[in-house]
Amino acid sequence: MILGGGPAGNVAATYAARLGAEVTVVERDVIGGAAHLWDCIPSKSMIATGGAMSFMERSEGMGLENGTPMIDTDALTARIGRIKNQMSGNTTELLQSQNVRLMRGAGRFIGPNTIEVIGELGTEEVEFDSALVSTGSRPRVPEWCSPDGERILTTRDCYPPRVFPESVTVVGSGVTGVEFVHMFSSFGSDVTLVVSRQQVLPGKDPEVAAVLEQEFMDRGVKLLMGARAQAIERVDADGNLDSEGEHVVVRCDDGRSVTSSHAVLAIGSVPNTADIGLESAGVHVNNWGYVDINHHCVTNVEHIYAAGDISGKLPLSSVASIQGRKVAEHVMGLHTRSHRHLDYDKAASAIFTEPEIADVGLAEAEAFASGRKIRVTKVPFSATAKAMINNDTRGFVKIISDPATGVILGGSIVGRHAAELISVIAVAVTAGLTVTDLVESILVHPALSEALAEAAE
Ligand SMILES: Cc1cc2nc3c(=O)[nH]c(=O)nc-3n(C[C@H](O)[C@H](O)[C@H](O)COP(=O)(O)OP(=O)(O)OC[C@H]3O[C@@H](n4cnc5c(N)ncnc54)[C@H](O)[C@@H]3O)c2cc1C
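In this text, residue positions in the sequence shown follow the working numbering: the first is 1, and each later residue adds one.
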């Protein structure tokens, strides 16, 4: 029995069914989950359209006549809808082809072996031997802000917003915040980013963050560093509070404030663990609302698993999917033969800004902080023919290896297609490959991946 059909739930369902389990998935919205409906798919679809616009703007010198691209909001909305429907449809078909039972409705545990599903056709109780809780998360909304879906927005109100913001203040400078800054600035909005620390992307390699800060400033994005938002309110043209006012003011704890036509809240997420009856099943939730799991994704109750965002590991669709797969293997007893523990420290991740940013494994700053000896090699994309051909020489590849053995421990890539290129380093990190393995691989020419081989050299 699987509660929630996002990446964790639907991947677990597919593999468990393939391995011979009788599987039911309960989903209250769409199969594919928030990942398809609100997060990965729509945000990256919007970013791809913005990227096409900025590519056209940057195409000077490529032998094209310059034209100014314009947004067609209806066509953009239709495009995002098409991609979401196609993705959700594909996933639904895959589950059906494996004879997975799909139940539409809101599910909750009413005992350690029973889930109640409240659907359009009434309420049904389903008994199970094992269950997976994969109900995902939703945007965090603090008590000092009331999103209205019109001008004070959460990330879920932006695909696209009803009116394209003339100006927008993004609150939160983590991965989601900077992607929204990039998205709106590539569509021509006047953007301000409220950064609570002294660096965007806190926790990321400072050198990588600095590239993005510079890029934002070059594009006219205003960075309000060291400012923590404490109120977001709608105001009229004179600055008086007005719930229907055409302006939004973001007030910060240091007395500074920013006024714009819209504000977007991007300050993280909270797990969907309330109201699903976890207490009736005896499943513990920690102080932050997440379900603690062991390395097999088993909760404190032996036959109940948790995976995806609610497990409080890395909030990534890719992590949710692989956890789902591990759950299926474990529940069907396969872990004894093939199981490798998930190593969340080796998960690759990407930030879909321009330039793209991707990293995996050990970071340079982390190694220095722990006193670990590392070797860092860095090659700029400007050294490759393909970057020149692409008319975009921004960014670099950085490889972190063990100086004694040459084993690749991690890496960062900033630049075009970083999210694709990082896969090479991710495989190397997971498989324990060395810089020599990379140097001796015969790669394509001309390609951006040549910078990887150069860095390994
Ligand atoms: C703006 C944004 C962009 C993102 N972009 C990326 C990206 O590019 N790449 C990436 O890897 N990650 C990205 N993420 C993170 C990614 O979306 C999540 O990590 C992923 O969706 C988690 O998957 P999940 O299976 O845990 O939950 P979800 O995808 O949230 O699915 C959970 C499902 O459970 C259902 N559900 C909840 N409660 C019940 C109930 N009681 N009964 C029935 N069904 C229920 C929900 O309707 C939902 O469909 C992004 C996140 C955000 C906010």
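Glycine included, each C-beta is placed from N, C-alpha and C at the ideal position. Being a predicted model, the structure only gives us computed values, none of them experimental.
Determine the DSSP secondary structure at residue i, reduced to helix, strand or coil.
i	result
Ile322	helix
Ile276	coil
Glu246	coil
Cys252	strand
Phe187	coil
Arg463	Residue coverage of the chain in this structure runs from 1 to 457, which leaves residue 463 outside it and unanswerable.
Gly9	helix
Tyr290	coil
Thr176	helix
Arg156	helix
Gln230	strand
Leu212	helix
Leu37	helix
Ile267	coil
Ala358	strand
Does at least one heavy atom of ligand 1 sit under 7 angstroms from the Cβ of residue i?
i	result
Glu124	no
Ile310	yes
Ile276	yes
Asn272	yes
Arg108	yes
Thr135	yes
Gly9	yes
Leu3	yes
Asp39	yes
Glu420	no
Glu440	no
Ala78	no
Asp29	yes
Leu95	no
Ala34	yes
Pro315	yes
Gly432	no
Ser494	Any question about residue 494 goes unanswered here, given that the chain covers just 1 to 457.
Starting from the Cα of residue i, find the closest Cα among the options and give me that residue.
i	options	result
Glu93	Ile408, Thr14, Glu166, Leu64	Thr14
Gly406	Ser382, Ala456, His445	Ala456
Pro147	Val200, Ile232, Phe187	Ile232
Val194	Ala307, Val301, Gly61, Gly226	Gly226
Glu244	Arg256, Glu65, Ser257, Ser261	Ser261
Gln376	Val100, Ser349, Ala404, Val258	A small correction: the amino acid at residue 376 is Val; Gln does not occupy that position in the sequence shown. Val376 has its Cα closest to that of Ala404, out of Val100, Ser349, Ala404, Val258.
His468	His303, His296, Gln214	Missing from the structure shown is residue 468; the chain here goes from 1 to 457 and no further.
Leu3	Lys84, Met53, Thr77, Thr114	Thr114
Thr91	Val11, Pro142, Asp275	Val11
Gln198	Ser186, Glu213, Phe184	Glu213
Ile408	Gly33, Ser449, Leu224, Lys346	Lys346
Any C-beta of chain C sitting closer than 8 angstroms to the C-beta of residue i?
i	result
Thr114	The displayed structure is made up of one protein chain only, and chain C is not part of it.
- request: Evaluate contact between the stretch 138-154 and the stretch 21-28, counting only Cβ atoms and requiring at least three cross-stretch pairs below 8 angstroms.
  value: no
Can you find at least 3 beta carbon pairs, one from the stretch 225-240 and one from the stretch 381-395, that sit closer than 8 angstroms?
-> no
For the stretch 60-77 and the stretch 197-206, state whether three or more C-beta atom pairs, one from each stretch, are separated by less than 8 angstroms. no
Given 8 angstroms, three or more beta-carbon pairs between the stretch 282-294 and the stretch 170-188:
As far as the Cβ criterion goes, the stretch 282-294 does not touch the stretch 170-188, which means the pair count is below three.
Measuring CB atoms only, is the stretch 419-428 touching the stretch 380-387, in the sense that at least three cross pairs come out at less than 8 angstroms? no
- Segment contact, 8 angstroms Cβ cut-off, at least three pairs: the stretch 50-67 with the stretch 131-139: no
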